[in-house]
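Take a look at the structure set out below.
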């Protein structure tokens, strides 16, 4: 169901699945509070362990339900004791009859690919619309790295960040970048999907690639980002010694998935997987730290300063000087704008 | 006199007496700054010890007078030295003549029932409109407990909180509640006064009643709240061993009086009195801590979260699901709305 | 060049020189971020050491350039590596051609009288409009005291503060004031310049004058403030033993120069010079501390409280009760208002 908020004028696609959490964030006896599309949500598990999402607001006096308790999948308001199940239905009114007004808006959720997906649109919630991220499930657990990083920037700025990886040369010069600006780059758009590729032959690999091509060897590096609306990005990387054939074993695939919290705040989910060193716990931990640190100390401060500098103005209204490197990001933005307009016309 | 503020559109009754302070809060040589109905006020005593209230703003350059000094009941602005008495009249202009423009708006105040009462309306300030709280004066000082607790919530949310004491079972389960939800409840309205009663026969008393009915005895408990506009609430409680006659000695009466600071902030004054253990300093101190802790750690966080969840929207505009327990609070709100409308039509 | 901001409706003169910094604040290899007239600016030195001022915002994706690096006077954006010189011209685009869109707005600056002056208007930036402050250059370095004190108050409140020094008797009673209220005061206006004078014959000098007239001697004190638009104030002070002739050697001259940061925030620059004890490092340090402490602990808190009390309302719209002591400040405000209106009509 849809609940109107002051930000409905915001540029959000509503008829789509957003990632609300990683499944491991949901305990069996606690709440996860998360604001998505400016709506305060309560995520929890029912008695059977199934994930649920309801509005974090009691319909009686609007106390946040997260200030109450949960037991056996039943949420009880901490103010006057009304209790609700995972569908938002009132299951106990200690003060009288359970009327139809006594319900909390709930939202369809699906557990898939280690994540919790939520539908906040008016249209039918068809799980087949959830992006296919089976590469995560296919990867041994020991080679997965999960991240959840809230960021005070509009979700489209986070999309732009991944769609233009040339930034790695300037923002991450000591870890991830160095060869992106000089890479052979191509952008293509097909069926609402935007793909950007970077090919760096015979380059000096940055530290993040040492495990595939240790120094002092030179490397051939291939990188690909595939964007799908609203902000689901798959980043594939691979490297071999310069001049040798590509090897599937040397590849890594990372999900970057961004869910709008509000107009200038986002939930940034990532999951890194790889085909090498899949059982190496120490390497997994080292790589997790490298990725998290790069984002927390380099991307996040830059994105948040960029947001502060832009205020709440739309990017294009500020007339940015567009460069070649913006090709992918601009295409993605245009597709998304068109989808949002179509949704507005239909709705 | 009235001074217009940006919040005059707020839902406030103006032609009524508001409690501005407890008398013990006013020293003989200091200021008390307090914002009421969004106006910054300066409360102090004149040379004779009489309480005074003037706007906390010099008419010359609008410096807050509280940044200056007070001596012998004369307030001197700390910026350019203009001095004012308790009526707001300028009594010294070091720089020239005292003109009629050199005055600070002042407000009628009355000291009564251990409190300072202020009139901020345009109508005549008739002290007979001050609520009769002589039960406070009649109670020995050793059995009084005063409280002043500023709260970041609209004053009507604090009224609702007292008008519906069923919340004690959920918010204060280990101290005050347990038998409210199952109590026989009645609500009546008469001459603009709303009374709610809860009768709990043969119940297990909560710790706050142990001094009247110690465990393991069961108790008969009677509780009554009387509301008068704008937000003056008298809470009477009593308990005897189950099945025995009511005893006046076993009664306590508490004032809960809420004065709007701004639209989402309030001054919450309370005064607890009782007819038992009136000379027991240790009991007085223990009970004071229990009441203060219950509010600070349970009511106040819930009220402030509720306010944050509601934003500045009017309660009814959010279409709350009303329950039986809301009967008293809703009647009080309707009476108050009518009084505010009548005042607006008259003024 | 001019860049429009949300505050262009603010009461600012644009076609004039504002002090942006003291020259010693600009290092040879760093940035100085400073917001002036609500525009975020980046101040730095080019390869030749010349001061430069450009907008602190990359034209590509609006990242603040201060989040990047500077080397040899070239500023490089830390996000995607675009590089700009002191004129705002792009000198390196690692990703393609340098187009005309790739430039950052720059602002004329002039180094003069130990300060950096910036022109943010649409008109011609004629350096002859910079106020003549050669008294600073003429004073031995050992007798100069520089100050930079950001203040959360509108720049005109800081002007008012200096134009009405009677405040020293109330705000600085133990250091600077005592004889101002009783001084013979005169105000004159000529060619857009406002001069206020205070003459205190045979007075008890405050501690700030002890070096000229030590206690228990009585003093003749002369003080003069000359205001020029927008907020350049020269404060001259002098003192001799009561009844003896004026002596030039006993004079001090202080610049008070206020540059608007935003509507309720200012950059306050001061520079104190004197003709006595010019080589006394200990005295210089003591006097610097006295002036800085007086502002930080007395003026600044009062100005910021005054601003908070006024909100963003214009002073005259609040109908202040004007006193004799306001004569100079009111004339200065009227001249400034007329200049801003003339500029608006012309532009």
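Chains as they are written, first to last, in my numbering: chain P, 1 to 347; chain X, 348 to 694; chain A, 695 to 1041.
A virtual CB, placed ideally from N, CA and C, is assigned to each residue, including glycine.
Using a Cβ-Cβ distance under 8 Å, would residue 612 of chain X count as near chain A? The count along the second chain starts at 1 and reaches residue 612 of chain X at position 265. False, the Cβ-Cβ gap to chain A never drops below 8 Å.
When DSSP builds the beta bridges, which residues end up paired with residue 842 of chain A? The sequence position of residue 842 of chain A within the third chain is 148, counting from 1. In DSSP, residue 842 of chain A forms a bridge with A:963.
Are the Cβ atoms of residue 220 of chain P and residue 237 of chain P separated by less than 8 Å? As a position in the first chain, residue 220 of chain P is number 220, starting the count at 1. As a position in the first chain, residue 237 of chain P is number 237, starting the count at 1. Going by C-beta atoms, residue 220 of chain P is not nearer than 8 Å to residue 237 of chain P.
Specify the secondary structure class of residue 181 of chain P as computed by DSSP and reduced to three states. Along the first chain, one-based indexing puts residue 181 of chain P at 181. Coil, per DSSP.
Within the chosen definition, does the region 548 to 561 of chain X reach the region 618 to 634 of chain X through at least 3 CB pairs nearer than 8 Å? yes
May I ask you to report which of helix, strand or coil DSSP gives residue 930 of chain A? Walking along the third chain from the start, residue 930 of chain A turns up at place 236. Strand.
Residue-level contact to chain D via CB, residue 94 of chain P, 8 Å cutoff: Among the protein chains of the structure shown, namely P, X and A, there is no chain D.
Buried or exposed (CB count within 10 angstroms, at least 16 for buried), residue 896 of chain A: Numbered from its first residue, the third chain carries residue 896 of chain A at position 202. Result: exposed.
Using the beta-carbon of each residue, which ones in chain X are nearer than 7 Å to residue 78 of chain P? As a first step, residue 78 of chain P must be located in the first chain, where it is residue number 78. 517, 518, 649, listed in chain order.
Identify the contact partners of residue 318 of chain P in chain A, using a Cβ-Cβ distance below 8 Å as the criterion. Within the first chain, numbered from 1, the residue matching residue 318 of chain P stands at position 318. 756, listed in chain order.
Where the beta strand (DSSP E) through residue 540 of chain X begins and ends: Numbered from 1 along the second chain, position 193 holds the residue referred to as residue 540 of chain X. Element bounds for residue 540 of chain X: 540 to 550.
List, in order along the chain, the chain A residues whose C-beta lies closer than 7 Å to that of residue 621 of chain X? Taking the second chain and counting its residues from 1, one reaches residue 621 of chain X at position 274. Residues of chain A passing the Cβ test: none, with the nearest at roughly 43 Å.
How would you call residue 1022 of chain A, buried or exposed, if buried means at least 16 neighbouring beta carbons within 10 angstroms? Counting from 1 along the third chain, the entry for residue 1022 of chain A is found at position 328. Label assigned to residue 1022 of chain A: buried.
For residue 575 of chain X, which residues does DSSP report across the bridge? Reading the second chain from its first residue, position 228 is the one you call residue 575 of chain X. According to DSSP, which records beta bridges pairwise, residue 575 of chain X is partnered with X:540, X:579.
Do residue 442 of chain X and residue 860 of chain A count as a contact pair if the criterion is CB distance below 8 Å? The residue given as residue 860 of chain A occupies position 166 in the third chain. The residue given as residue 442 of chain X occupies position 95 in the second chain. Yes, these two residues count as a Cβ contact at 8 Å.
Could you round the C-beta distance between residue 888 of chain A and residue 879 of chain A to whole angstroms and report it? I think they count as a contact, below 8 Å. For this step, residue 888 of chain A is matched to residue 194 along the third chain. For this step, residue 879 of chain A is matched to residue 185 along the third chain. Their Cβ separation, rounded to whole angstroms, is 13 Å, which puts residue 888 of chain A and residue 879 of chain A out of contact at 8 Å.
May I ask you to verify whether the region 663 to 678 of chain X touches the region 500 to 519 of chain X, counting CB pairs closer than 8 Å and requiring at least 3? yes
Quick check on DSSP: helix, strand or coil for residue 675 of chain X? What you label residue 675 of chain X is simply residue 328 of the second chain in a count that begins at 1. The answer is helix: DSSP assigns residue 675 of chain X an H, G or I state.
For the alpha helix (DSSP H) that residue 300 of chain P lies in, which residues bound it at each end? The sequence position of residue 300 of chain P within the first chain is 300, counting from 1. 300 to 310 is the span of the alpha helix (DSSP H), which, as asked, contains residue 300 of chain P.
Could you tell me whether the Cβ of residue 875 of chain A comes closer than 8 Å to any Cβ of chain X? Locating residue 875 of chain A in the third chain gives position 181, where the first residue counts as 1. Cβ-Cβ to chain X under 8 Å: yes for residue 875 of chain A.
By alpha-carbon positions, which one of P:335, P:311, P:28, P:29 ends up nearest to residue 227 of chain P? Numbered from its first residue, the first chain carries residue 227 of chain P at position 227. Measuring from the Cα of residue 227 of chain P, the nearest candidate turns out to be P:335.
Would you mind stating whether residue 737 of chain A and residue 747 of chain A have Cβ atoms separated by less than 8 Å? Residue mapping note: residue 737 of chain A aligns to position 43 of the third chain, counting from 1. Residue mapping note: residue 747 of chain A aligns to position 53 of the third chain, counting from 1. Against a cut-off of 8 Å, the Cβ pair of residue 747 of chain A and residue 737 of chain A comes out as a contact.
Are any of the Cβ atoms in chain P nearer than 8 Å to that of residue 653 of chain X? On the second chain, residue 653 of chain X is found 306 positions in, with the first residue counted as 1. With 8 Å as the cut-off, residue 653 of chain X counts as an interface residue toward chain P.
Starting from residue 137 of chain P, trace the alpha helix (DSSP H) both ways and give me its first and last residue. Along the first chain, read from residue 1 onward, the residue named residue 137 of chain P stands at position 137. Element bounds for residue 137 of chain P: 134 to 138.
Contact set for residue 298 of chain P: own chain, Cβ-Cβ below 6 Å, skip 5 residues either direction: For this step, residue 298 of chain P is matched to residue 298 along the first chain. Same-chain partners within the cutoff: 171, 172.
Is there a Cβ from chain P that is less than 8 Å from the Cβ of residue 724 of chain A? In the third chain, residue 724 of chain A corresponds to position 30, counting from 1. It does not; no Cβ of chain P falls within 8 Å.
Using 8 Å as the limit for Cβ to Cβ distance, is residue 978 of chain A near chain P? Within the third chain, numbered from 1, the residue matching residue 978 of chain A stands at position 284. Chain P, which has no Cβ nearer than 8 Å to the Cβ of residue 978 of chain A, makes this no.
Got a sec: is the Cβ-Cβ distance from residue 657 of chain X to anything in chain P below 8 Å? Residue mapping note: residue 657 of chain X aligns to position 310 of the second chain, counting from 1. Answer yes: the Cβ-Cβ gap between residue 657 of chain X and chain P drops below 8 Å somewhere.
Would you mind stating whether residue 638 of chain X and residue 483 of chain X have Cβ atoms separated by less than 8 Å? In the second chain, residue 638 of chain X corresponds to position 291, counting from 1. In the second chain, residue 483 of chain X corresponds to position 136, counting from 1. Taking 8 Å as the Cβ cut-off, residue 638 of chain X and residue 483 of chain X do not qualify as a contacting pair.
Nearest-angstrom Cα distance between residue 539 of chain X and residue 1024 of chain A? In the second chain, counting from the first residue as 1, residue 539 of chain X sits at position 192. In the third chain, counting from the first residue as 1, residue 1024 of chain A sits at position 330. Going from the Cα of residue 539 of chain X to the Cα of residue 1024 of chain A covers about 53 Å.
Could you check what DSSP says for residue 24 of chain P in three-state terms: helix, strand or coil? Reading the first chain from its first residue, position 24 is the one you call residue 24 of chain P. Correct three-state label for residue 24 of chain P: helix.
Can you tell me whether DSSP reads residue 477 of chain X as helix, strand or coil? Here residue 477 of chain X corresponds to residue number 130 of the second chain, with the count starting at 1. DSSP places residue 477 of chain X in coil when its eight states are reduced to three.
Just mark residue 316 of chain P as buried or exposed, buried being the case when its beta carbon has 16 or more other beta carbons within 10 Å. For the purposes of this step, residue 316 of chain P is taken as the residue at position 316 of the first chain. Classification for residue 316 of chain P: exposed.
Once you ignore the five residues that flank residue 654 of chain X on each side, which residues in its own chain have a CB closer than 8 Å to its CB? In the second chain, the residue the question calls residue 654 of chain X occupies position 307. Here the set comprises 499, 500, 501, 504, 611.
Would you verify that the beta carbon of residue 343 of chain P is, or is not, closer than 8 Å to some beta carbon of chain A? Within the first chain, the letter at position 343 stands for residue 343 of chain P. So, not an interface residue.
Is it the case that the Cβ atoms of residue 179 of chain P and residue 773 of chain A are separated by a distance below 8 Å? On the first chain, position 179 is the one that residue 179 of chain P refers to. On the third chain, position 79 is the one that residue 773 of chain A refers to. It is not a contact, given that the beta carbons lie outside the stated cut-off.
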